[in-house]
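Below is one structure, written out as structure tokens, with a few remarks after it.
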């Protein structure tokens, strides 16, 4: 299926980090209750159609935009670049790729200046910006600090039918791979890719797409995530907990996945690791290893593999969803007895795990 994206001759924009996501919600008041009253994100400003939210440690105008619209979808995956000149670089880069490009000197949202939005080679709406309004960083506003405080936007996760194509495209864009999931035939099911010095700014998950799998916010500690679970239980909305809490194998992070009123998936995430060294190794996991998604070996609910949010083109229309033709991760990990393992012995395909951990799980256990 792979049709690799050509590498432009002009330099790629120098991306600093994932910065914000703009999502379309169908009921603004209900979504505000979820993101502000439940999760505690801080309102920078709002009007009758749009709410601009940020996490505790953020100083740019927002990390999440809720915009009222007729169809729940994602309008932008936005990245901050290193300087104003890098916005020019983004425009030139994507034009050479033959992508649709739109530039607005006044920005696409409040609080953001000169920006470029593109329909990228995978069909996702990417944005690149440098200019932004600075707002109060709330790090020492302990009077506002909640027990489940979300402190940073951590990453995006994108569903695409062609992970190798996406990996090559993002590597050309300057992203580095921290971890991936493969099988013995070399099929790649997912890749975690970063610009900042953590496990990822975005991940590519193999499936029908383009769609947004989730957007993730970080907490300081595991107990912050437990508090969110307790709060959801107390409010009798625990049915919105889709998966977790648990510990990932990939990324090593403690996690929780919840669904907003429109079904957009939100991950609450903490305790991954530093990836900033130039020779930081890529960790490869066997797709059959039960511990790659959950370190405790818990099964993953099927909806986590099949459900995701639509993404919009630059006109605000949903992008067509293309079916993945390679083997899906769900097919080999959900309800497929005999195709997955937790404990392994030498010769059973555990090489990736053994190389990663430096010991043989079967021998030790």
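Residue numbers (our numbering): 34 to 398. Cβ coordinates follow ideal geometry from the N, Cα and C atoms, glycine included.
Open item on the list: Which same chain residues end up closer than 7 Å to residue 399 when comparing Cβ atoms and leaving out the 5 residues on each side of it in sequence?
Closed with: Because the chain in this structure spans residues 34 to 398, residue 399 falls outside the shown range and cannot be described.
- [ ] Mind reading off the beta-carbon distance from residue 90 to residue 346? Whole number of angstroms is fine, and I expect it under 8 Å.
- [x] Going by Cβ atoms, the distance from residue 90 to residue 346 rounds to 33 Å, so no, they are not a contact pair.
Task: First and last residue of the uninterrupted alpha helix (DSSP H) at residue 200 - done: 196-205
Task: Residues bridged to residue 342 [DSSP beta-bridge criterion] - done: 245
- [ ] Using three-state DSSP, classify residue 314 as helix, strand or coil.
- [x] coil
TODO: Assuming residue 358 contacts residue 194 (C-beta within less than 8 Å), just tell me the rounded distance between them.
DONE: 7 Å
Task: Cβ neighbours of residue 246 in the same chain (closer than 7 Å, five flanking residues each side left out) - done: 190, 191, 192, 238, 298 and 341
Task: Reduced DSSP category for residue 187 - H, G, I as helix; E, B as strand; rest coil - done: strand
Task: Cut-off 6 Å between Cβ atoms - residues of its own chain near residue 123, not counting five sequence neighbours on either side - done: 46, 149 and 161
TODO: Note down, in chain order, each residue of its chain lying with its Cβ closer than 6 Å to the Cβ of residue 42, except the 5 sequence neighbours on either side.
DONE: none
Task: Nearest to residue 80 (by Cα), restricted to the options 143, 335 and 168 - done: 143
TODO: For the stretch 279-290 and the stretch 302-314, state whether three or more C-beta atom pairs, one from each stretch, are separated by less than 8 Å.
DONE: yes
- [ ] Could you tell me whether the stretch 89-106 touches the stretch 50-65, where touching means 3 or more Cβ pairs closer than 8 Å?
- [x] yes
- [ ] Using a threshold of 8 Å, state whether the C-beta atoms of residue 48 and residue 112 are closer than that.
- [x] yes
Open item on the list: Within 10 Å of its beta-carbon, does residue 154 have 16 or more other beta-carbons around it, so buried, or fewer, so exposed?
Closed with: buried
Open item on the list: For residue 388, count the other beta carbons within 10 Å of its own beta carbon; 16 or more makes it buried, fewer makes it exposed. Which is it?
Closed with: Because the pLDDT at residue 388 is just 41, under 50, the model does not fix this residue reliably, and the point stays unresolved.
- [ ] For residue 76, count neighbouring Cβ atoms within 10 angstroms of its own Cβ and tell me buried if that reaches 16, exposed if not.
- [x] exposed
Task: beta-carbon residue 87 near the ligand FAD non-hydrogen atom, thresh 7 Å - done: Of the ligands one can find in the structure shown there are none, so the ligand FAD has no counterpart to examine.
Task: Spatial distance of residue 234 from residue 267 (CA atoms) - done: 32 Å
TODO: List in chain order: all unbroken beta strand (DSSP E) runs of 3+ residues lying wholly within the stretch 248-335.
DONE: 274-280, 287-292, 298-303 and 316-319
Task: Contact check, residue 169 vs residue 73, beta carbons under 8 Å - done: no
- [ ] Report yes if the CB atom of residue 244 is closer than 8 Å to the CB atom of residue 354, and no otherwise.
- [x] yes
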